[in-house]
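In my numbering, the protein residues as written are 48 to 137.
Note that beta-carbon positions come from the ideal geometry of N, C-alpha and C, so glycine has one too.
All values derive from a computational prediction rather than experimental measurement.
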């Protein structure tokens, strides 16, 4: 027999206290049915852009444009495409 459960969620913002502690006070309506129950707490850390080493889309596109050969003609591009298409058949 499957046990049906009902989940409720409350969203909070909290400051991390000294010693990496969190203190959460549930709203009064939560106390009615959660008193002494075990709950799951998920902590979402704020995005810190200075720690991200991934390049932005603008940087990626600039790098692609720098690598692109300016000397290829339309005819050369068509030839390269034809060679690639022919390789699929073999």
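As the crow flies, the alpha-carbon of residue 74 is around 9 Å from that of residue 57. According to DSSP, residue pairing for residue 64 in a beta bridge involves 68. Per DSSP, residue 54 is not a residue of any alpha helix (DSSP H), being assigned neither H nor E. For residue 134, the secondary structure class from DSSP, reduced to helix, strand or coil, is helix. Under the DSSP assignment, residue 114 falls in the alpha helix (DSSP H) whose first and last residues are 104 to 114.
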